[in-house]
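Numbering (this note's numbering), first residue to last: -12 to 296.
Here you go:
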């Protein structure tokens, strides 16, 4: 493949596409956005189709697709694209189950195209600095606190409360995507999940891990936090206390900010996708999704008061 723009189609034109994907694609010089497919939304200035199948049939020159529909519906769309020999970008989480994404990896390899699990929070500006610090220090314990207001970030999005919609693990998997990148390998030992009595997905979670060498890691997820939002990972080390805050935007050591930059996660994601497309490689790390699956498997279910938007 040459360095000419990659002909891209976007599937699932919802809030995340308008807020993040379209601006990032416009900013990145590696793409020509030629089509979109969505049951409800449309993108001005390009061809629009009701389904990915219609788009793939009508746009044979398409080289890659970005799949941004809810995870419950992503496997069939990804399979159709991969079997049509299109490179595939998966919005997080990459699928509703670990096994279906494993199969997508096999299909990508079989068809000689790239598959990208796009953990956007890993591309937050201070994440690599945090990883480098922890690589040079001796970790003694860590804590993940990810607390936000679902009514602010996911207003009236019913799919997120349905089976396979992840509930509070939709933002929580962002924390796990960072944690699995900067911390030693870790495993869930216990979990308690709070399910509103009228919902099929949790609104809060309390999870404990141990690292491969036995160190404790805790995770607190809460979807009902109003006021300031908390997206923090804390680590106690022999070189002091590390706090990675703002969803990975700010790194402080013993209270002193040592790294802070403006957020540019989605442009970085699309830059990475272009790299693997041109290299005919894949980038699919399932560790964050596996931890979510383990939390549901091991978690004690607690019923709490009903949730209403």
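Built from N, CA and C at the ideal position, the CB exists for glycine as well. Being a predicted model, the structure only gives us computed values, none of them experimental.
- [ ] Let me know the secondary structure DSSP gives residue 59 once reduced to three states.
- [x] helix
Open item on the list: Any contact between the segment 265 to 274 and the segment 99 to 112? By contact I mean 3 or more CB pairs, one from each, below 8 Å.
Closed with: yes
Task: residue 181 vs residue 188 beta-carbon contact at 8 Å - done: no
- [ ] Could you tell me which residues DSSP puts in a beta bridge with residue 202?
- [x] Looking at the DSSP assignment, residue 202 forms no beta bridge with any residue, so it has no partner.
- [ ] Kindly list the residues whose CB is nearer than 6 Å to the CB of residue 42, restricted to its own chain and excluding five residues on each side of it in sequence; keep chain order.
- [x] -4, 22, 24 and 36
Task: Buried versus exposed, by CB contacts within 10 Å (16 or more), residue 70 - done: exposed
Task: residue 80 versus 288, 274 and 285, residue with shortest Cα-Cα distance - done: When each option's Cα is compared against that of residue 80, the closest is 274.
- [ ] Could you please give me the residues that DSSP links to residue 36 through a beta bridge?
- [x] DSSP links residue 36 through a beta bridge to 24.
- [ ] Reducing DSSP to helix, strand and coil, say where residue 111 ends up.
- [x] DSSP, read as helix, strand or coil, puts residue 111 in coil.
Task: residue 183 - DSSP class collapsed to helix/strand/coil - done: strand
Open item on the list: I'd like the list of long-range same chain contacts for residue 174, defined as Cβ closer than 7 Å, with 5 residues on each side in sequence excluded.
Closed with: 196 and 197
Open item on the list: I'd like the span of the beta strand (DSSP E) that includes residue 131, first residue to last.
Closed with: Per DSSP, residue 131 is one residue of the beta strand (DSSP E) stretching across 126 to 134.
- [ ] To the nearest angstrom, report how far apart residue 51 and residue 96 are at their CA atoms.
- [x] 15 Å
Task: For residue 49 and residue 66, believed in contact at Cβ under 8 Å, the rounded distance - done: Wrong, their Cβ atoms sit about 16 Å apart, outside the cutoff.
Open item on the list: Taking only three categories from DSSP, how would you classify residue 100?
Closed with: coil
Open item on the list: Rounded to whole angstroms, what is the Cα-Cα separation between residue 40 and residue 290?
Closed with: 40 Å
- [ ] Write down the C-beta distance between residue 202 and residue 127 rounded to the nearest angstrom, noting that I regard them as a contact closer than 8 Å.
- [x] The pair is a contact, with the Cβ atoms about 7 Å apart (cut-off 8 Å).
TODO: Going by DSSP, name the residue or residues bridged to residue 18.
DONE: For residue 18, DSSP records a beta bridge to -7.
- [ ] Report the three-state DSSP secondary structure of residue 226 (helix, strand or coil).
- [x] coil
TODO: Pick helix, strand or coil for residue 210, following the three-state DSSP scheme.
DONE: coil
TODO: Label residue 244 either buried or exposed according to how many other C-beta atoms from any shown protein chain fall within 10 Å of its C-beta, with 16 as the threshold for buried.
DONE: Around the beta carbon of residue 244, fewer than 16 other beta carbons lie within 10 angstroms, which makes this residue exposed.
Task: Span of the beta strand (DSSP E) around residue 239 - done: Run containing residue 239: 237 to 240, per the beta strand (DSSP E) assignment.
- [ ] Compute the distance between the beta-carbons of residue 204 and residue 178, then report whether it is under 8 Å.
- [x] no
Open item on the list: Taking 8 Å as the cut-off, does the segment 111 to 120 touch the segment 132 to 142 (at least 3 CB pairs, one atom from each stretch)?
Closed with: A contact between stretches requires three or more CB pairs, one per stretch, nearer than 8 Å, and the segment 132 to 142 fails this requirement with the segment 111 to 120.
Task: Contacting residues, own chain, Cβ-Cβ under 6 Å from residue 293 (five flanking each side not counted) - done: 183, 184 and 185
- [ ] Give the DSSP-derived three-state secondary structure of residue -12 in the structure shown.
- [x] Residue placement at residue -12 cannot be trusted, given a pLDDT of 45 that sits under 50; the coordinates are not used to answer.
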